Amino acid sequence: MNVDEYISSGILEAYAQGELTEQERAEVDTNLGKYPELRKELEAIEAVQESLLQKAAIQPRAAVRDALFAKIGGQTPQARVVTFAQPDKIAMGWKFAAAASLTIALISSYLAYDYWNKWKKTEESLTTLVAQNQRVAQDYNRVNQRLDQIEDDLNILDNPNFNRVVMKGTPNAPGSVAAVYWNESTKEVYLSVLDMKQLTAESQYQLWAIIDGKPVNAGVFDHNFTGLMKMKDISSGAKTFAVTIEPKGGKDAPNLKTMQVAGDVVKV
Amino acid sequence: MASLKARQRTALEYLYDHYAGALLGVISRIIKKEELAEEVLQDVFLKVWDRIESYDATKGRLFTWMLNIARNQAIDKTRSKEFSKEKKTGEIGNFVNRIDKQGFVEQRVESIGLLQLLKGLPEDQRFIIDQHYLKGYTQAEISDEFNLPLGTVKTRMRLAMKLLRKLLVE
Chain A
44 MNVDEYISSG
54 ILEAYAQGEL
64 TEQERAEVDT
74 NLGKYPELRK
84 ELEAIEAVQE
94 SLLQKAAIQP
104 RAAVRDALFA
114 KIGGQTPQAR
124 VVTFAQPDKI
134 AMGWKFAAAA
144 SLTIALISSY
154 LAYDYWNKWK
164 KTEESLTTLV
174 AQNQRVAQDY
184 NRVNQRLDQI
194 EDDLNILDNP
204 NFNRVVMKGT
214 PNAPGSVAAV
224 YWNESTKEVY
234 LSVLDMKQLT
244 AESQYQLWAI
254 IDGKPVNAGV
264 FDHNFTGLMK
274 MKDISSGAKT
284 FAVTIEPKGG
294 KDAPNLKTMQ
304 VAGDVVKV
Chain B
129 MASLKARQRT
139 ALEYLYDHYA
149 GALLGVISRI
159 IKKEELAEEV
169 LQDVFLKVWD
179 RIESYDATKG
189 RLFTWMLNIA
199 RNQAIDKTRS
209 KEFSKEKKTG
219 EIGNFVNRID
229 KQGFVEQRVE
239 SIGLLQLLKG
249 LPEDQRFIID
259 QHYLKGYTQA
269 EISDEFNLPL
279 GTVKTRMRLA
289 MKLLRKLLVE
């Protein structure tokens, strides 16, 4: 038999539509058993037919459903047992199997829906958690950097080669205090601001070292930094450190009228 | 036993809720009168309830099986005395199991989605689908009524169903 020709004849459509005679039906049944392609084709035809008829559905009035299930409910269990269970246990088994498989289908579609919902919720929580995790990681990095900085600062404060020079407020800024940590042998200078007022955006503080009576630029800074700030190296011989207010970026020579804090180096 | 019965009932309720509309559509195309069609629908589900064990899944879909029961039940009804009486009170003459085209059913049937879908078919194929699935004619009746060779009806039906398979996926 040529399967393609058989399919093209439209006999499977006629079969699905219940249009064949008993004899023709029996023939198709036989062929369906022999050729899996026919079975596949029939399934596709039946699916189309079902979709079409579902789209063309006419919903019965609710009273029809009530009446039907009232009729079925009215049948006593005994009557059902007599009808089905006793004459044919196999038939009963089939009926049970059909009912059971439908029940399973119902339960599994409910479960599928339920799991889908849970999965959506889980996905949302996951997105939130990933975002939180990133935030925590960023915070951790920031804290870690800060800790490294504090450790570095502590090494300087602990180092006996660093000379601490406290600069107290001048009459210009009686409340201001800052300190310089100066290692005379390595020339390193670190600055710590304890209390200095905020400046306008156009100006900056500038640190000076006074060597042989002459001011030497040690770098500019803003009032708001934490910990120690590395300044320019200052070679030996500095007697005094002082801070003035200069235009942003600093100047080559200090405007001594603006001196904020100053302190002499005390050799230990 | 009681629990088995309860489960069977649940199964039947499931079948009813999924298929009653589609089956009433089929029945209504054979029996126009609403109450009578709904009565047949009830009979169909009582038959399904009684005969579910004779359903053979290897021979096709459960829906196809129920569809055949529905169609046969509806045709049987048209041959019953009750139907003859109903028909006779309304109109005189032959009461074949056919529809008067002014019937109320079509208006309720033709959902926009379905019409849209059928628009994807060539004219001659749409005609066959419309006559069979929406007007309730068998292939043989279409052939008789419209003077088309049965072979032509069959191949057009075949082509239409094949094309609809694609259109339904889109």
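So the sequence lines, in the order shown, correspond to chains A and B. Note that this note's numbering gives residue 51 to position 8 of the first sequence, counting from 1, and the numbers run on in steps of one. Note that this note's numbering gives residue 174 to position 46 of the second sequence, counting from 1, and the numbers run on in steps of one. Backbone N, C-alpha and C fix where the C-beta goes; we use that ideal spot for every residue, glycine too. Only a predicted model underlies this, so the values are computations on that prediction, with no experimental measurement involved.
C-beta neighbour in chain B for residue i, strict 8 angstroms
i, result
"residue 130 of chain A", "Interpretation of residue 130 of chain A is limited by its pLDDT of 49, a score under 50 that renders its predicted location unreliable; the figure taken from the coordinates is listed afterwards. For residue 130 of chain A, the answer is no, since every Cβ of chain B falls outside 8 angstroms of its Cβ."
"residue 93 of chain A", "yes"
"residue 51 of chain A", "yes"
"residue 149 of chain A", "yes"
"residue 173 of chain A", "no"
"residue 77 of chain A", "no"
"residue 69 of chain A", "no"
"residue 72 of chain A", "yes"
"residue 155 of chain A", "no"
"residue 146 of chain A", "yes"
Span separating the alpha-carbon of residue i from that of residue j
i, j, result
"residue 45 of chain A", "residue 51 of chain A", "10 angstroms"
"residue 275 of chain A", "residue 230 of chain A", "9 angstroms"
"residue 218 of chain A", "residue 306 of chain A", "14 angstroms"
"residue 141 of chain A", "residue 195 of chain B", "18 angstroms"
"residue 275 of chain B", "residue 249 of chain B", "21 angstroms"
"residue 225 of chain A", "residue 288 of chain A", "21 angstroms"
"residue 178 of chain B", "residue 204 of chain B", "18 angstroms"
"residue 244 of chain A", "residue 253 of chain A", "27 angstroms"
"residue 152 of chain A", "residue 297 of chain B", "22 angstroms"
"residue 259 of chain B", "residue 166 of chain A", "49 angstroms"
"residue 272 of chain B", "residue 163 of chain A", "56 angstroms"
"residue 59 of chain A", "residue 70 of chain A", "14 angstroms"
"residue 295 of chain A", "residue 191 of chain A", "34 angstroms"
"residue 270 of chain A", "residue 261 of chain A", "18 angstroms"
"residue 158 of chain A", "residue 289 of chain B", "36 angstroms"
"residue 266 of chain B", "residue 162 of chain B", "21 angstroms"
"residue 145 of chain B", "residue 145 of chain A", "13 angstroms"
Cβ pair residue i, residue j closer than 8 angstroms
i, j, result
"residue 206 of chain A", "residue 227 of chain A", "yes"
"residue 237 of chain A", "residue 284 of chain A", "no"
"residue 61 of chain A", "residue 199 of chain B", "yes"
"residue 188 of chain B", "residue 89 of chain A", "yes"
"residue 170 of chain B", "residue 107 of chain A", "yes"
"residue 173 of chain B", "residue 55 of chain A", "no"
"residue 96 of chain A", "residue 150 of chain B", "yes"
"residue 304 of chain A", "residue 173 of chain A", "no"
"residue 202 of chain B", "residue 176 of chain B", "no"
"residue 282 of chain A", "residue 308 of chain A", "yes"
"residue 299 of chain A", "residue 272 of chain A", "no"
"residue 301 of chain A", "residue 184 of chain A", "no"
"residue 101 of chain A", "residue 153 of chain B", "yes"
"residue 140 of chain B", "residue 115 of chain A", "yes"
"residue 292 of chain A", "residue 247 of chain A", "yes"
"residue 87 of chain A", "residue 282 of chain B", "no"
"residue 148 of chain B", "residue 103 of chain A", "yes"
"residue 99 of chain A", "residue 242 of chain B", "yes"
Test: residue i CB closer than 8 angstroms to a CB of chain A
i, result
"residue 207 of chain B", "no"
"residue 194 of chain B", "no"
"residue 154 of chain B", "yes"
"residue 166 of chain B", "yes"
"residue 201 of chain B", "no"
"residue 251 of chain B", "no"
"residue 141 of chain B", "yes"
"residue 188 of chain B", "yes"
"residue 229 of chain B", "Any answer about residue 229 of chain B is weak, because its pLDDT of 41 lies below 50 and its placement is not dependable; what the coordinates show is given next. By this cut-off, residue 229 of chain B is not an interface position."
"residue 254 of chain B", "no"
Helix, strand or coil at residue i according to DSSP, with G and I counted as helix
i, result
"residue 232 of chain A", "strand"
"residue 204 of chain A", "coil"
"residue 240 of chain A", "coil"
"residue 268 of chain A", "coil"
"residue 295 of chain A", "coil"
"residue 370 of chain A", "Examination of residue 370 of chain A is not possible in this model, given that chain A is present from 44 through 311 alone."
"residue 303 of chain A", "coil"
"residue 101 of chain A", "coil"
"residue 262 of chain A", "strand"
"residue 149 of chain A", "helix"
"residue 79 of chain A", "helix"
"residue 246 of chain A", "strand"
"residue 115 of chain A", "helix"
"residue 216 of chain A", "coil"
"residue 289 of chain A", "strand"
"residue 209 of chain A", "strand"
"residue 283 of chain A", "strand"
The segment 258–285 of chain B: positions lying closer than 9 angstroms to chain A by Cβ: 260, 261, 262, 266, 267, 268, 279, 281, 282, 283, 284 and 285
Residues, ordered as in the chain, of the segment 170–181 of chain B that lie near chain A by beta-carbon distance below 9 angstroms: 170, 173, 174, 177, 178, 180 and 181
Contact residues within the segment 160–190 of chain A, judged by C-beta distance below 9 angstroms to chain B: Listed by position, the residues of the segment 160–190 of chain A near chain B (Cβ gap below 9 angstroms) amount to none.
Short-range partners of chain B found in the segment 96–112 of chain A, where Cβ spacing is below 9 angstroms: Cβ contacts with chain B: 96, 97, 98, 99, 100, 101, 102, 103, 104, 106, 107, 108, 110, 111 and 112.
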